[in-house]
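In this text, residue positions in the sequence shown follow the working numbering: the first is 1449, and each later residue adds one.
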Amino acid sequence: MTATDLPAPSLGLDIGGSKVHGLVLDGHSRVLAQRVRPTEHGDAGVLTSAVSVARECLALAGLDAVALSGVGVGIPGRIDHRGGVVHTAVNLGVDRLELGPLLSDALGGVGVAVDNDVKVTALGAADHLGRPDADLTYLNFGTGVSAATLAGGRLVRGGGNLAGEIGHFPIDLTAGRCGCGQYGCIEVFAGGGQITRRLAGLAVPVTLAGLLQAADSGDADAVAEAARIATGIAAAVHLVVLAHGSTAVVLGGGVIRTAPGLVDLVRKRLDEQAALSEFVASLDLAGRITVLPAEHPLAAIGAALVGRGVPPRPMIAVA
Ligand SMILES: [Zn+2]
């Protein structure tokens, strides 16, 4: 590839419940400039935050918006990625926001692509691992649990962009009830919302950050809870490997960041399952797990990758 084949820089925005992380990425996937600021909530607030961070990043990089090959946004919630519309992002106080078109208008008509934050993180993870054409799944253990799979480097979306909602796959019908109405979903075991509620209700309440230490010191409730979470994470790994044949399974999200030691328990759990089954042993589930450095802005980088080559928005309405 010659220098002239390289895409022009693109801008990525990772819009989370507490902060917006923006960066400009060049054609070699090098970060030229980045900026983080708190997220204002509500439709107008999210748009204002996005526009501010985008403009600050461009100023830092010394670029005009028209010089970009496009803008990508990763944001939680149900996303119509074709229209750039965010539906029901509860943590951001957004009910329905035409973020793509509005952000494009604010940036002089540059093309804007909007996608779910977990999906853009999968792209960022593949880029970080130097495997842009990977068969890879990113598993996000946040308040809820969801997955984003790349098959040969391309996002698996399915009808209605549904693919990846594996948090609501039931793994134990005798376990507790999920917010979705089913019993024993993966999210019941390993979703941060359910974990936090359970830990606060223990005879000796403990935080997730302190859970493994409490387990190590012999607290039986903590041991059981750590095993429960590891079971949920292990089931998610097992599921995506069987469903998609992902050669790399990247773990991330608040639960993993807060208690990284859980990953050792997950590997142990998968090794125990492998010891019972030659078939499972042949899958080498534990060996497929990767944990990426938490400080690396994978979602913002993935967003910038999504933004590469998005066509500009037509500024003249067609009758
Ligand atoms: Zn559920």
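By construction, the Cβ of each residue, glycine as well, lies at the ideal position given by its N, Cα and C atoms.
Are the CB atoms of A1678 and L1776 within a distance shorter than 9 Å? The displayed coordinates of the chain run from 1449 to 1767. Any statement about residue 1776 would go beyond what the structure contains.
Could you tell me whether any non-hydrogen atom of ligand 1 is closer than 8 Å to the CB of V1636? By 1-based counting over the sequence shown, the position of residue 1636 is 188. Checking every heavy atom of ligand 1 against the Cβ of V1636, one is found closer than 8 Å.
At the level of alpha carbons, what is the spacing between G1601 and V1689? As a position in the sequence shown, residue 1601 is number 153, starting the count at 1. As a position in the sequence shown, residue 1689 is number 241, starting the count at 1. Going from the Cα of G1601 to the Cα of V1689 covers about 16 Å.
Would the beta-carbon of H1469 be found less than 8 Å away from any heavy atom of ligand 1? As a position in the sequence shown, residue 1469 is number 21, starting the count at 1. For ligand 1, not one heavy atom lies less than 8 Å from the Cβ of H1469.
Would you report the Cα separation of G1464 and T1487, rounded to the nearest angstrom? For the purposes of this step, residue 1464 is identified with residue 16 of the sequence shown, where counting begins at 1. For the purposes of this step, residue 1487 is identified with residue 39 of the sequence shown, where counting begins at 1. Cα-Cα distance, rounded: 7 Å.
Could you work out which residue in G1460, L1724, V1593 and V1703 is closest to D1563 when comparing CA atoms only? The residue labelled residue 1563 in the question sits at position 115 within the sequence shown. The shortest Cα separation from D1563 among G1460, L1724, V1593 and V1703 belongs to G1460.
Other residues of its chain near A1707: CB distance less than 7 Å, five sequence neighbours each side excluded: The residue you call residue 1707 lines up with position 259 of the sequence shown. For A1707, where only same-chain residues beyond five positions count, the Cβ hits under 7 Å are L1656, A1657, L1659 and L1660.
Per-residue DSSP class, three states only, for D1435: This structure cannot speak to residue 1435, because the chain is shown only from 1449 to 1767.
DSSP three-state label for V1652, please. Here residue 1652 refers to the residue found at position 204 of the sequence shown. Looking at V1652 - three-state DSSP - the assignment turns out to be coil, as it is neither helix nor strand.
The alpha helix (DSSP H) with D1712 in it runs from where to where? Numbered from 1 along the sequence shown, position 264 holds the residue referred to as residue 1712. It spans L1710 to L1724 - the alpha helix (DSSP H) in which D1712 sits, taken as one unbroken run.
Let's test the definition: count the other Cβ atoms within 10 Å of the Cβ of M1449 and tell me whether it reaches 16, buried, or not, exposed. Sequence index remark: in the sequence shown, residue 1449 carries index 1 (1-based). The predicted model places M1449 with a pLDDT of 46, which falls under 50 and marks its position as unreliable; any figure quoted below should be read in that light. Classification for M1449: exposed.
Do you know offhand how far G1627's Cα is from A1638's? The count along the sequence shown starts at 1 and reaches residue 1627 at position 179. The count along the sequence shown starts at 1 and reaches residue 1638 at position 190. Computed Cα separation, rounded: 13 Å.
Return the CA-CA distance between A1765 and G1556, expressed in angstroms with no decimal places. To locate residue 1765, count along the sequence shown from 1; it is residue 317. To locate residue 1556, count along the sequence shown from 1; it is residue 108. Legend: pLDDT at A1765 = 48, less than 50; position of this residue unreliable, no value from coordinates given.
So, is S1725 buried or exposed, given that buried needs 16 or more other C-beta atoms within 10 angstroms? The residue given as residue 1725 occupies position 277 in the sequence shown. So S1725 counts as exposed.
May I ask you to verify whether the region 1587 to 1598 touches the region 1609 to 1617, counting CB pairs closer than 8 Å and requiring at least 3? Touching, yes.
If you pair each beta-carbon of the region 1558 to 1572 with each one of the region 1746 to 1757, do three or more pairs fall below 8 Å? Yes: at least three Cβ pairs fall under 8 Å.
Would you identify the three-state DSSP class for A1751, choosing helix, strand or coil? In the sequence shown, counting from the first residue as 1, residue 1751 sits at position 303. Helix at A1751.
For V1521, I'd like the list of residues in its chain whose CB is within less than 6 Å of its CB, leaving aside the five on either flank, ordered along the chain. Position 73 of the sequence shown holds residue 1521. Within the same chain, V1521 has close Cβ partners L1461, V1562 and A1751.
At a cut-off of 8 Å, would you count G1627 as near ligand 1, judging by its Cβ distance to the nearest heavy atom? Locating residue 1627 in the sequence shown gives position 179, counting from the first residue. Answer for G1627: yes, Cβ within range of ligand 1.
Could you check whether the Cβ of G1615 sits closer than 8 Å to any heavy atom belonging to ligand 1? Locating residue 1615 in the sequence shown gives position 167, where the first residue counts as 1. For ligand 1, at least one heavy atom lies less than 8 Å from the Cβ of G1615.
Nearest residue (CA-CA) to A1509, options A1663, Q1482, L1547 and A1723: If you number the sequence shown from 1, residue 1509 lands on position 61. Distance check between A1509 and each of A1663, Q1482, L1547 and A1723 places Q1482 closest, using alpha-carbon atoms only.
Evaluate the contact criterion for the region 1542 to 1559 versus the region 1580 to 1595: three or more CB pairs, one atom per stretch, below 8 Å. Contact fails: fewer than three Cβ-Cβ distances are below 8 Å.
Are R1715 and A1742 closer than 9 Å when you measure CB to CB? Against the sequence shown, residue 1715 aligns to sequence position 267. Against the sequence shown, residue 1742 aligns to sequence position 294. No, the Cβ-Cβ distance between R1715 and A1742 is not below 9 Å.
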